[in-house]
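S.K.:
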Amino acid sequence: MKKTVFLDRDGTLIEYVLELTKPEQLKILPGAVEGVKMLNEAGFLCIILTNQPIIEKGKITQAEAEEINRVLAEQFAAQGAIIDGAYICPHRFKNPQHCTCRKPDQGMVQEAVKKFDIDLSQSFMVGDSLRDIETGKRGGMKTILIGGGQGGTEDAKFFPNTVPDYTVPDMKAAAEQILRLTE
Ligand SMILES: [Mg+2]
Ligand SMILES: [Zn+2]
Numbered sequence: 390m391k392k393t394v395f396l397d398r399d400g401t402l403i404e405y406v407l408e409l410t411k412p413e414q415l416k417i418l419p420g421a422v423e424g425v426k427m428l429n430e431a432g433f434l435c436i437i438l439t440n441q442p443i444i445e446k447g448k449i450t451q452a453e454a455e456e457i458n459r460v461l462a463e464q465f466a467a468q469g470a471i472i473d474g475a476y477i478c479p480h481r482f483k484n485p486q487h488c489t490c491r492k493p494d495q496g497m498v499q500e501a502v503k504k505f506d507i508d509l510s511q512s513f514m515v516g517d518s519l520r521d522i523e524t525g526k527r528g529g530m531k532t533i534l535i536g537g538g539q540g541g542t543e544d545a546k547f548f549p550n551t552v553p554d555y556t557v558p559d560m561k562a563a564a565e566q567i568l569r570l571t572e
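Counting with our numbering, you get residues 390 to 572 for the letters of the sequence shown.
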């Protein structure tokens, strides 16, 4: 079974923008490539989990969102960092037919577990929002909050009792924390 670091995308690997609809808007955050590379070398799969309600809102198609993730993975790969997979929840927050994939629900996690044979007890969730931290907790993972991000304050009211195991300034520091815990 494989150990994995699940990664939020917006505000964690790339700069947060309100509506990311084109690959040209991708701006990789400092430390993100280096952090992913360190995790690759330590034998972790690196898998993106991203909520993109702008798909259901009609601002972007599922195919366009997948293309953005493909370009992002290509930009990482060009610098020697491997992103092993990316999952998207396209649903809206207020979808009356409540989906099971929108973080913090476990749909995307479970899909990845099946595809890659992942041991969640040896895995981590890294994100800039308490929604990501709650996702990791529900999956039985250790959790790392990238501090100071947009998402950290935005979701605070929805997850008042959710506390990350660790808080760090950026993705590189998150990788260092994970390596300290697992080596
Ligand atoms: Mg985020
Ligand atoms: Zn969904």
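Note that the Cβ used here is the ideal one computed from N, Cα and C, for glycine as well.
The structure presented is a predicted model; accordingly, all values stated were derived computationally and were not measured.
Nearest to E404 by alpha carbon, out of L415, E463, A501 and Q486?
M.R.: On the sequence shown, residue 404 is found 15 positions in, with the first residue counted as 1. When each option's Cα is compared against that of E404, the closest is L415.
S.K.: Can you tell me the Cα-Cα spacing of N550 and G529, whole angstroms?
M.R.: Start at 1 with the first residue of the sequence shown, and residue 550 comes out as number 161. Start at 1 with the first residue of the sequence shown, and residue 529 comes out as number 140. Their Cα atoms are separated by approximately 16 Å.
S.K.: From the DSSP output, read off the bridge partner residues of A475.
M.R.: As a working mapping, residue 475 is identified with position 86 in the sequence shown. For A475, which the question treats as bridged, DSSP gives the partners I437.
S.K.: State buried or exposed for P493, treating a residue as buried only when at least 16 other CB atoms are found within 10 Å of its CB.
M.R.: Counting from one through the sequence shown, the residue named residue 493 turns up at place 104. Result: buried.
S.K.: The alpha helix (DSSP H) with I417 in it runs from where to where?
M.R.: Along the sequence shown, read from residue 1 onward, the residue named residue 417 stands at position 28. First-last for I417: undefined, no H or E at that position.
S.K.: Going by beta carbon distance, what residues of the same chain come within less than 8 Å of F505, once the five residues before and after it are set aside?
M.R.: Indexing the sequence shown from 1 puts residue 505 at position 116. The residues are K391, T393, L434, I436, D473 and G474.
S.K.: Could you tell me the alpha carbon to alpha carbon distance between L534 and T556, rounded to whole angstroms?
M.R.: For the purposes of this step, residue 534 is identified with residue 145 of the sequence shown, where counting begins at 1. For the purposes of this step, residue 556 is identified with residue 167 of the sequence shown, where counting begins at 1. Cα-Cα distance, rounded: 5 Å.
S.K.: For T524, name the three-state secondary structure that DSSP assigns.
M.R.: One-based indexing of the sequence shown puts residue 524 at position 135. T524 falls in the helix class under three-state DSSP.
S.K.: M514 lies in the beta strand (DSSP E); which residues open and close that run?
M.R.: Within the sequence shown, numbered from 1, the residue matching residue 514 stands at position 125. From DSSP, the beta strand (DSSP E) with M514 extends over F513 to G516.
S.K.: Around the Cβ of P479, are there at least 16 other Cβ atoms within 10 angstroms (buried) or fewer (exposed)?
M.R.: What you label residue 479 is simply residue 90 of the sequence shown in a count that begins at 1. Answer is buried; the Cβ neighbour count reaches 16.
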